[in-house]
Amino acid sequence: MDDKVFELIEKMYSEMQEGFKGVKSDIDGVKNDVSGIKEDVSGVKEDVSGLKEDVSGIKEDVSGVKSDIDRVKEDVSGIKEDVSGVKEDVGSIKLQIVRLEDKMDTNHKVLHDGYKQTYEKLTDVDGKLDRQEEILKGHDLQIKGK
């Protein structure tokens, strides 16, 4: 957009320079030819008319830029709201993760305690089974010995 405005201003400047050159040469030739001055003034009027059209176009472009900026502001406002919502969600997720970690820690401790109790009970049962086996072997020997 800025390039178009710059080109338009550059064009206006160029046209103005051309117009001023024409006016200057016409002023030098005023003494000799009054009708030449009238023609040059007519050319300047056309240039001014063109400039008016160009300025009108610039005004339209600026109006379009303003509306674009308004839309961008609305979009940025919406993005800010979205980011705020995401921040809230992240905070909520962090709390949920902490709760889950606490539950997992508790469950891990309970599972470990259960494993430990099961192991101790199994060791106790193995000991009792070994004693029963020894008793049976002793009975077996007594039965065979008689």
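For the sequence shown, our numbering assigns the number 26 to the initial residue and increments by one for each residue that follows. Beta carbons are placed, not taken as given, at the ideal position from N, Cα and C, and that holds for glycine.
1) Can you give the Cα-Cα distance for E32 and D114, rounded to whole angstroms?
2) Quick test of your reading: G47 and G68, contact by CB under 8 Å. State the CB separation rounded to the nearest angstrom.
3) State the Cα-Cα distance for the pair Q42 and D72, rounded to the nearest angstrom.
4) As a quick exercise: from N132, G110, V66, pick the residue whose alpha carbon is nearest that of F45.
5) Do you know whose CA, among D165, Q167, E35, lies nearest D79's CA?
6) Can you grab the Cα-Cα spacing for the pair Y144 / G152, in whole Å?
Taking the definition as stated:
1) 49 Å
2) 6 Å
3) 11 Å
4) Ranked by Cα distance from F45, the first of N132, G110, V66 is V66.
5) Nearest C-alpha to D79: E35.
6) Each residue's Cα considered, the two are about 12 Å apart.
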